[in-house]
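Enquirer: Those letters in the sequence shown? Residues 227 to 709, by the working numbering. The following block contains the structure, expressed as structure tokens.
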Amino acid sequence: MNVHDIKVDYSTKIPNNVGLSDDRRVLKALEGWHPGYIDWWHDMGPEGFQQSLVYLRTAYSVDPRGWAKFDYVKMPDYRWGILLAPQEENRVVPFGQHFGEPAWQDVPGEHRAMLRRLIVIQGDTEPASVEQQRHLGKTAPSLYDMRNLFQVNVEEGRHLWAMVYLLQKYFGRDGREEADGLLRRRSGSDDAPRMLGAFNEATPDWLSFFMFTYFTDRDGKMQLHSLAQSGFDPLSRTCRFMLTEEAHHMFVGETGISRVVQRTCDAMKAAGIADPTDIAKVRALGVIDLPTIQKKLNLHYTLSLDLFGSEVSTNAANAFNAGIKGRYHETQINDDHKLQNDTYPVLKLVNGEIKRVDEPALTALNMRLRDDYTQDCVKGLLRWNKIITLAGYDFKLALPNVAFHRQIGEFKSIHATPDGLLIDDATWGKRKGEWLPSTDDGDFIASLMQPVTEIGEFASWISPPKVGIDNKPGDFEYVKIET
Ligand SMILES: [Fe+2]
Ligand SMILES: [Fe+2]
Numbered sequence: 227m228n229v230h231d232i233k234v235d236y237s238t239k240i241p242n243n244v245g246l247s248d249d250r251r252v253l254k255a256l257e258g259w260h261p262g263y264i265d266w267w268h269d270m271g272p273e274g275f276q277q278s279l280v281y282l283r284t285a286y287s288v289d290p291r292g293w294a295k296f297d298y299v300k301m302p303d304y305r306w307g308i309l310l311a312p313q314e315e316n317r318v319v320p321f322g323q324h325f326g327e328p329a330w331q332d333v334p335g336e337h338r339a340m341l342r343r344l345i346v347i348q349g350d351t352e353p354a355s356v357e358q359q360r361h362l363g364k365t366a367p368s369l370y371d372m373r374n375l376f377q378v379n380v381e382e383g384r385h386l387w388a389m390v391y392l393l394q395k396y397f398g399r400d401g402r403e404e405a406d407g408l409l410r411r412r413s414g415s416d417d418a419p420r421m422l423g424a425f426n427e428a429t430p431d432w433l434s435f436f437m438f439t440y441f442t443d444r445d446g447k448m449q450l451h452s453l454a455q456s457g458f459d460p461l462s463r464t465c466r467f468m469l470t471e472e473a474h475h476m477f478v479g480e481t482g483i484s485r486v487v488q489r490t491c492d493a494m495k496a497a498g499i500a501d502p503t504d505i506a507k508v509r510a511l512g513v514i515d516l517p518t519i520q521k522k523l524n525l526h527y528t529l530s531l532d533l534f535g536s537e538v539s540t541n542a543a544n545a546f547n548a549g550i551k552g553r554y555h556e557t558q559i560n561d562d563h564k565l566q567n568d569t570y571p572v573l574k575l576v577n578g579e580i581k582r583v584d585e586p587a588l589t590a591l592n593m594r595l596r597d598d599y600t601q602d603c604v605k606g607l608l609r610w611n612k613i614i615t616l617a618g619y620d621f622k623l624a625l626p627n628v629a630f631h632r633q634i635g636e637f638k639s640i641h642a643t644p645d646g647l648l649i650d651d652a653t654w655g656k657r658k659g660e661w662l663p664s665t666d667d668g669d670f671i672a673s674l675m676q677p678v679t680e681i682g683e684f685a686s687w688i689s690p691p692k693v694g695i696d697n698k699p700g701d702f703e704y705v706k707i708e709t
């Protein structure tokens, strides 16, 4: 790696480490796209607070030893830049039919359409989540949380830039059209929705936000990891750097849920409540009861599972064969990286029962990535359950069975309980309110969403964090709302 790769050039309008000042064509294309992006940010980015000073981190380098600096910024002045992780020398395509060939610095003609589609799908999720979260600033439980929300939002904006750069640089005119389309679609819109289901759902409250950043951003992590393996080197480098930022988003989710659980347990203990499922009593304390947290978890986990697509998929096999999209930690897996004769166990519906069936490993790649995802999700549950156990309560949060509440894949046309018991439509209709948030649950959570903007103060339903951002003390003013 050389210094040129690591340092970011801030002299151009668009900060970058890809030598944009020597690449007039792409610089012009991106400068042409910039006003539309700013318009989109004003229309669809965070509602309010656009003139507030927010203590944000901005990437100034891609050196893993120190890449960000923190300072007060007005969000519309955030320097959205194009940052690629340093080029690895002599990198090869690490899987598929081109295994071992030098990685491509340009788009391989035969795989152009597939590559463009994957970049567009990834790109589409980035602005979508900003749109979904745009109302949340108004009900932030603290300035600390508000700052974290805005940090996630500006970085998702940067991830959109990252994908748009690839489209503008490598895909000519259709790349430009796709880049415009990314600003045209809207989360939840009837005529121009975002491309994937979970990104058209509402994020109505802060518990949803934490669940989203824990479960749905983690899907993003898995997708970025598999694209970071790509034989198309610019995509690989882009995704590798995005993953550094993405880690914070999942941290916000994991610690957010931890703090909600902590606060609920503390309040129950202080009030002498022995049964955590006594919902009315717990809610009367102004905290979110554990069964409702479980329901929110069920919803967001299953919406996120749908993002992995069908368990058995020839598209996934083609993208792997082509060297475009690999497996999670591909280079650390000890096999031939071609999967021609391997199998992988896939959960399927066989004669009305959920069974594991061996499928060709190539077509089962979505299932494999989803399994890796589930394993990654479990870590948070262990932490949350530890908080509950330490508080002396006999209650466990759990991931629901993959057959529960699915809209894509093997189980989309059946109903199952969170324990994986198949049930008929009538039973589902009667009981789904036990497993998924009801209107009442939503109304109760909404009633708690009162903004807290005093420095160092937190809403009744959430504990303060253990440490501040950038090691700031508890009374730090993360957002200067009035300037
Ligand atoms: Fe992202
Ligand atoms: Fe994210």
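In this text, a Cβ means the ideal position worked out from N, Cα and C, and glycines have one as well.
Heavy atom of ligand 2 less than 8 Å from the Cβ of residue 355, yes or no?
Expert: Result yes, Cβ under 8 Å from ligand 2.
Enquirer: Less than 8 Å between the CB of residue 439 and some heavy atom of ligand 2, yes or no?
Expert: yes
Enquirer: What's the C-alpha gap between residue 228 and residue 312?
Expert: Note on residue 228: pLDDT 46, under 50, position unreliable in the model; no value is reported.
Enquirer: Can you check whether the CB of residue 507 is closer than 9 Å to the CB of residue 617?
Expert: A distance of 9 Å or more separates the beta carbons of residue 617 and residue 507.
Enquirer: When you compare each of 315, 347, 461 to residue 332 by their alpha carbons, which one comes out closest?
Expert: 461
Enquirer: Under the rule that 16 or more other beta-carbon atoms within 10 Å means buried, what is residue 665, buried or exposed?
Expert: exposed
Enquirer: Roughly how many whole angstroms lie between the Cα atoms of residue 265 and residue 648?
Expert: 48 Å
Enquirer: Leaving out five residues before and five after residue 584 in sequence, what residues of the same chain have Cβ atoms less than 6 Å from its Cβ?
Expert: Excluding positions up to five away in sequence, the list reads 569, 571.
Enquirer: Pick out whichever of 493, 480, 591 has its Cα sitting closest to the Cα of residue 691.
Expert: If you compare the alpha carbons of 493, 480, 591 with that of residue 691, the shortest gap goes to 480.
Enquirer: Ligand 2 heavy atoms versus the CB of residue 378: any closer than 8 Å?
Expert: yes
Enquirer: Please state whether the Cβ-Cβ distance between residue 435 and residue 375 is less than 9 Å.
Expert: yes
Enquirer: Can you tell which of 623, 387, 638 has its C-alpha closest to the C-alpha of residue 210?
Expert: Here the chain comprises residues numbered 227 to 709, so residue 210 is not present and cannot be evaluated.
Enquirer: If we require 3 or more residues per run, which beta strand (DSSP E) segments fall completely within the stretch 281-337?
Expert: If only complete runs of 3 or more residues are kept, the stretch 281-337 shows the beta strand (DSSP E) at 294-300, in order along the chain.
Enquirer: Given residue 377, which residues of its chain have a CB within under 6 Å of its CB, disregarding the five upstream and five downstream residues?
Expert: 282
Enquirer: Does residue 261 come out as helix, strand or coil in the three-state DSSP assignment?
Expert: helix
Enquirer: At what residues does the alpha helix (DSSP H) containing residue 511 begin and finish?
Expert: No alpha helix (DSSP H) contains residue 511, which DSSP labels as neither H nor E.
Enquirer: For the stretch 377-390 against the stretch 342-359, do three or more pairs of beta-carbon atoms, one drawn from each stretch, fall closer than 8 Å, so that the two count as touching?
Expert: Judged by pairs of C-beta atoms under 8 Å, the stretch 377-390 touches the stretch 342-359, as three or more such pairs exist.
Enquirer: Give the DSSP-derived three-state secondary structure of residue 430 in the structure shown.
Expert: coil
Enquirer: Consider the C-beta atom of residue 480 and the heavy atoms of ligand 2; say whether any pair is separated by less than 8 Å.
Expert: Answer for residue 480: no, Cβ out of range of ligand 2.
Enquirer: I'd like the span of the beta strand (DSSP E) that includes residue 724, first residue to last.
Expert: What is shown of the chain runs 227 to 709, which leaves residue 724 out entirely.
Enquirer: Can you give the beta carbon distance from residue 255 to residue 402, rounded, assuming they're within the 8 Å contact cut?
Expert: 7 Å
Enquirer: What residues are listed by DSSP as bridge partners for residue 242?
Expert: 235, 308
Enquirer: Please classify residue 554 as buried or exposed, where buried requires at least 16 other C-beta atoms within 10 Å of its C-beta.
Expert: Buried, since its Cβ has 16 or more Cβ neighbours within 10 Å.
Enquirer: With distances taken between CB atoms, is the gap from residue 557 to residue 449 smaller than 9 Å?
Expert: no
Enquirer: From residue 230 to residue 236, what distance separates their C-alpha atoms?
Expert: Because residue 230 sits at a pLDDT of 49, beneath the cut-off of 50, its placement in the model cannot be relied upon, and the point is left open.
Enquirer: Per DSSP, what kind of secondary structure is residue 631 in: helix, strand or coil?
Expert: coil
Enquirer: Under the three-state reduction of DSSP, which class applies to residue 690: helix, strand or coil?
Expert: coil
Enquirer: Helix, strand or coil: which one does DSSP assign to residue 697?
Expert: helix
Enquirer: So what does DSSP say about residue 412, is it helix, strand or coil?
Expert: coil
Enquirer: To the nearest angstrom, report how far apart residue 350 and residue 259 are at their CA atoms.
Expert: 16 Å
Enquirer: Within this structure, are the beta carbons of residue 519 and residue 433 separated by less than 9 Å?
Expert: yes
Enquirer: Alpha carbons only, please: which of 550, 517, 706 is nearest the one belonging to residue 459?
Expert: 550
Enquirer: Could you give the uninterrupted runs of the alpha helix (DSSP H) lying entirely in the stretch 559-643, keeping only those of 4 residues or more?
Expert: 591-616
Enquirer: Between residue 675 and the rest of its own chain, which residues show a CB-CB distance below 7 Å, the 5 nearest in sequence each way excluded?
Expert: 365, 431, 432
Enquirer: Which one or two residues does DSSP pair with residue 450 in a beta bridge?
Expert: None; residue 450 has no bridge partner.
Enquirer: How about residue 443: is its Cβ closer than 8 Å to a heavy atom in ligand 1?
Expert: yes
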